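In order, the protein sequences belong to chains S and X.
For the first sequence, the residue numbers in our numbering are 225 to 637.
For the second sequence, the residue numbers in our numbering are 225 to 637.
Where a beta carbon is used, it is the ideal one built from N, C-alpha and C, also for glycine.
Note that the coordinates shown come from a computational prediction; the quantities given were computed from them, not determined experimentally.
There are 2 protein chains.
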Amino acid sequence: MARHENVRVDMARLWSTLMRSAEIGATPRGGLRRLALSEEDGQMRRQFGAWCEAAGCTLHVDAIGNMMALRPGTDPDGKAVLVGSHLDTQIKGGRFDGVLGVLAGLELIRTLNDHDIQTRLPIAVVNWTNEEGARFEPPMIGSAVFTGEKSVDFACSRTDRDGITLGAALDAIGFRGGDTIGPAQCDSLFELHIEQGPRLDAEKIQVGIVTGAFAVRGFIVEVTGETGHVGPTPMPARRNALVGAAHVTLAVEDIGWSRHETGGKSTTMRLKAEPNLLGILPDRVEMTCDLRHAREDVVAQMMDAFVQRIPDLEARSRCRIAIRESWSYGGMQFDAGCIGLVRAAVDRLGASHTDLLTEAGHDAMHVARHLPTAMIFTPCEDGLSHNEAENVTLADIEPGVNVLLQAVLARAL
Amino acid sequence: MARHENVRVDMARLWSTLMRSAEIGATPRGGLRRLALSEEDGQMRRQFGAWCEAAGCTLHVDAIGNMMALRPGTDPDGKAVLVGSHLDTQIKGGRFDGVLGVLAGLELIRTLNDHDIQTRLPIAVVNWTNEEGARFEPPMIGSAVFTGEKSVDFACSRTDRDGITLGAALDAIGFRGGDTIGPAQCDSLFELHIEQGPRLDAEKIQVGIVTGAFAVRGFIVEVTGETGHVGPTPMPARRNALVGAAHVTLAVEDIGWSRHETGGKSTTMRLKAEPNLLGILPDRVEMTCDLRHAREDVVAQMMDAFVQRIPDLEARSRCRIAIRESWSYGGMQFDAGCIGLVRAAVDRLGASHTDLLTEAGHDAMHVARHLPTAMIFTPCEDGLSHNEAENVTLADIEPGVNVLLQAVLARAL
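1) Going by beta-carbon coordinates alone, are residue 319 of chain X and residue 256 of chain X separated by less than 7 Å?
2) So is residue 291 of chain X buried or exposed if we call it buried at 16+ other beta carbons inside 10 Å?
3) Hey, does residue 609 of chain X have any beta-carbon neighbour from chain S nearer than 7 Å?
4) Can you name, in chain order, every residue of its own chain whose Cβ lies under 8 Å from the Cβ of residue 376 of chain X, other than the five neighbours on each side?
5) Does the count of Cβ pairs from the segment 235-251 of chain S and the segment 298-310 of chain S closer than 8 Å reach three?
6) Can you give me the C-alpha to C-alpha distance between residue 484 of chain S and residue 422 of chain S, rounded to a whole angstrom?
7) Give a yes or no on whether the C-beta atoms belonging to residue 411 of chain X and residue 501 of chain X are separated by under 7 Å.
8) Considering only the beta carbon of each residue, do residue 558 of chain S and residue 404 of chain S sit closer than 7 Å?
9) Kindly say whether residue 589 of chain X, judged by its beta-carbon, lies nearer than 7 Å to any beta-carbon of chain S.
10) Can you tell me which of the three DSSP states residue 248 of chain S falls into?
11) Just checking: is the beta-carbon of residue 252 of chain X within a distance shorter than 7 Å of some beta-carbon in chain S?
12) Considering only C-alpha positions, which residue in the set S:475, S:351 and S:430 is nearest to residue 273 of chain S?
13) Measuring CB to CB, does residue 449 of chain X end up less than 7 Å from residue 463 of chain X?
14) Residue 361 of chain S to residue 503 of chain X, Cα distance in whole Å?
15) Alpha carbons only, please: which of X:521, X:253, X:628 and X:466 is nearest the one belonging to residue 317 of chain X?
16) Quick one: list the residues of chain S neighbouring residue 382 of chain X, beta-carbon separation under 8 Å, in chain order.
17) State the DSSP-derived secondary structure class of residue 225 of chain X, mapped to helix, strand or coil.
18) Within the continuous beta strand (DSSP E) that includes residue 514 of chain S, where are the two ends?
19) Within its chain, find whatever has a CB closer than 8 Å to the CB of residue 239 of chain S; leave out the 5 residues flanking it on each side and keep chain order.
20) Give a yes or no on whether the minimum CB-CB distance between residue 638 of chain X and chain S is below 7 Å.
21) Give me the Cα-Cα distance between residue 631 of chain S and residue 535 of chain S, rounded to the nearest whole angstrom.
22) Could you name the residues that DSSP lists as bridge partners for residue 554 of chain X?
23) In the segment 476-501 of chain X, which residues sit with their C-beta less than 7 Å from some C-beta in chain S, listed in chain order?
24) Mind listing the chain S neighbours of residue 557 of chain X? Cutoff is C-beta to C-beta under 9 Å, in chain order.
25) Please check if any C-beta of chain S sits within less than 7 Å of the C-beta of residue 516 of chain X.
26) Residues of chain S with CB closer than 8 Å to the CB of residue 467 of chain X, please, in chain order.
27) Count the other CB atoms, across all protein chains shown, that sit within 10 Å of the CB of residue 312 of chain S; report buried if there are 16 or more and exposed otherwise.
28) With a threshold of 6 Å on Cβ separation, who are the neighbours of residue 280 of chain X within its own chain once the five nearest residues in sequence on each side are excluded?
29) Below 7 Å CB to CB, which residues in the same chain sit around residue 588 of chain S once its five sequence neighbours on both sides are set aside?
30) Rounded to whole angstroms, what is the Cα-Cα separation between residue 512 of chain X and residue 506 of chain S?
31) Starting from residue 380 of chain S, trace the alpha helix (DSSP H) both ways and give me its first and last residue.
32) At 3 residues or longer, what runs of the beta strand (DSSP E) sit wholly inside the segment 279-346 of chain S?
33) Check the Cβ-Cβ distances between residue 357 of chain S and every residue of chain X, and say whether any is below 7 Å.
34) So, does the CB of residue 453 of chain X fall closer than 7 Å to a CB anywhere in chain S?
35) Are the C-beta atoms of residue 420 of chain X and some chain S residue less than 7 Å apart?
36) Run through DSSP, which three-state label would residue 541 of chain S get?
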């Protein structure tokens with residue numbers, strides 16, 4: 225064991241791998257646009273597959289395009305320790321969100337090879353399909369299919385803005401696989417990810433030990449007004465759906481501020497008005513909102529607070545305001561055993577650390593309902609992500625990457 | 225003269241013409257979708273042209289597709305009295321907005337034919353291209369080209385949402401004409417239109433004598449925030465452009481309410497957010513707003529009031545808020561001579577009437593800067609327009625249509 229505890233990844237090699245990834249779908253402003261199952265994603269997937277095969281792994285691809293690069297263990301009955309994240313990005317995304325977790329997994333395999341270390345359990349580097357949801361909704365659909373939460377048929381019938389189905393997009397880049405992979409074949413999951421929040425960076429903490437996930441409520445609000453001519457319609461006769469939407473937006477905003485001292489957040493992130501034309505009062509707005517808090521009971525109170533404001537918002541805008549669809553996720557604790565391995569690795573490495581919750585959605589949150597799961601966060605510059613300016617330094621990620629290596633090794637040995 | 229003063233249009237025939245028009249682009253909910261230069265607009269234009277030729281008119285079409293059906297006068301040097309409006313509609317438009325003015329013009333010609341009345345000046349029934357602006361922007365582009373305010377090249381290069389140019393759309397339906405028609409060939413314009421506001425209907429007034437046009441300020445506001453992840457980004461670190469847009473919307477709304485007792489209006493009518501995706505704080509909103517008041521000085525004050533609010537709106541939302549583009553129109557008086565002819569016709573017919581201003585934009589407002597111009601309003605049900613439920617009865621429009629006939633006759637005789 226002692227020998228293995230001194231093993232460290234080759235950060236220069238990992239960095240060069242990350243920088244090669246940063247070329248595939250690069251944007252002029254230094255970010256990445258590598259939408260799920262796009263031509264760029266196909267190119268990155270082929271590059272990733274080639275790297276994995278060069279590292280001696282066997283590549284498996286399932287019906288939703290999830291990629292698993294398997295390094296065998298010595299136990300013929302051993303289930304795989306999964307390590308990975310996603311290679312797709314937002315439309316104007318960064319170079320590290322998701323990518324770091326997958327390529328650190330690859331680097332982990334290379335490191336084991338360098339040191340000729342055999343593990344009892346197989347280790348599989350995973351790239352989940354369509355984590356971001358920037359092209360196909362819902363996000364995190366690859367891991368949802370892996371766990372059986374969503375069916376392959378449901379996932380493959382999702383369409384992008386051009387009406388292309390996810391299934392057709394898989395075929396277009398040659399990534400509709402035939403392998404069956406599910407929780408039954410796997411032991412656990414370790415996902416390394418940039419924090420996507422400012423805390424580690426601001427407080428100069430090297431590693432975030434993610435003990436669980438924020439509780440999230442998402443909902444679609446439909447505001448119904450009445451069209452009419454913007455010229456002659458008197459103010460008291462109007463039912464402008466954009467005015468209703470403005471009241472909803474500020475009410476949602478208020479709810480986040482009312483809980484922000486305990487980490488609560490609220491967002492209106494998407495809004496579509498109809499008919500959205502010159503000269504016409506808009507009669508319909510559909511908007512997507514989101515409430516988050518560490519505590520499930522508090523997020524439930526935040527949701528109630530919004531619902532109770534609706535009659536007032538209707539009175540102010542003379543529009544009808546209804547919640548048309550809603551969803552929730554998160555609010556779980558990760559596995560104590562896996563967290564324990566992460567904590568032990570952090571201690572051995574002497575890295576500064578803190579426990580925290582993930583406030584973003586991750587594939588690990590789907591998987592955690594089926595397999596022992598842990599997440600490790602690294603700092604990212606100013607906490608910025610889902611943004612082309614998203615950035616980390618090699619020094620930012622080195623402790624987290626080695627914690628990942630050591631924790632996975634401890635699980636698989 | 226006395227003989228002509230007793231002439232009345234055949235309302236049943238006009239109504240059947242209107243109902244034939246209501247079939248071309250009919251929507252399931254009883255409205256019209258006849259976007260400028262669409263296949264439906266082409267069909268309506270051919271029907272209108274056929275009706276005009278059957279009534280003995282010569283059809284002229286200019287380079288922007290404006291149609292003028294000319295009934296010659298007895299004076300070989302006489303310039304044409306224009307009478308008309310537009311046959312295009314909003315996406316979910318009504319059956320009478322614009323259409324009434326054109327088809328009443330056609331009915332006027334038919335009536336003169338029935339009574340074998342010759343006029344000294346020619347009379348031309350006009351259908352202006354793309355009044356609504358629902359497909360190509362800006363609206364009222366046909367009359368702007370007629371007056372020379374916009375060039376044919378500018379107009380023909382406008383594109384719709386599918387990237388089709390106005391010029392290509394003209395070609396597709398065969399309405400890029402070769403005739404040169406401008407103010408120099410014309411004497412005056414009379415435009416009959418539904419009120420598009422509730423006053424005449426509510427007060428049971430038969431005819432609105434339009435003495436001028438509301439002053440309008442339109443502007444595009446650009447709200448700039450910053451993207452980021454909706455999960456981890458703390459409330460105080462956010463610059464959500466949709467929150468900025470909500471503050472702008474309510475500030476614009478307040479300005480209309482502050483002047484509504486003297487007829488002021490304010491609208492946010494169009495809003496587009498970017499990237500407008502799940503999971504991402506929006507960093508850019510573009511919104512189109514509009515302020516209207518009868519008095520030019522008051523609308524200038526309303527605009528100033530908005531501009532002065534901007535720093536406060538920026539502080540509340542932490543976004544940058546800038547007016548990127550602005551325009552103004554209206555604010556003019558129509559021609560006293562033409563109004564006088566309308567007033568005399570109203571008096572002779574004994575119709576109840578009121579003076580008012582047009583609060584909507586009309587082609588007559590472009591033309592009024594170049595030719596003596598008047599507008600006549602008829603009531604419309606509940607003042608509703610730019611809406612599929614837009615409605616008038618035959619009794620609503622009969623007085624206005626006969627006033628149009630008598631005023632045009634008085635001008636042309």
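In short:
1) yes
2) buried
3) yes
4) 287, 288 and 369
5) no
6) 14 Å
7) no
8) no
9) no
10) coil
11) no
12) S:351
13) yes
14) 11 Å
15) X:253
16) Under the 8 Å cutoff, chain S gives no residues; its nearest Cβ is about 13 Å from residue 382 of chain X.
17) Residue placement at residue 225 of chain X cannot be trusted, given a pLDDT of 48 that sits under 50; what the coordinates show is reported in the next sentence. Correct three-state label for residue 225 of chain X: coil.
18) 508-517
19) 618
20) No answer is possible for residue 638 of chain X: the residues shown for chain X start at 225 and end at 637.
21) 52 Å
22) X:439
23) 477, 480, 481, 484, 489, 491, 492, 493, 494, 495, 497, 499, 500 and 501
24) In chain order: nothing, as chain S lies at least about 17 Å away.
25) yes
26) 473, 474, 477 and 492
27) buried
28) none
29) 413, 415, 597 and 599
30) 12 Å
31) 376-380
32) 282-285, 291-295 and 304-309
33) yes
34) yes
35) yes
36) helix
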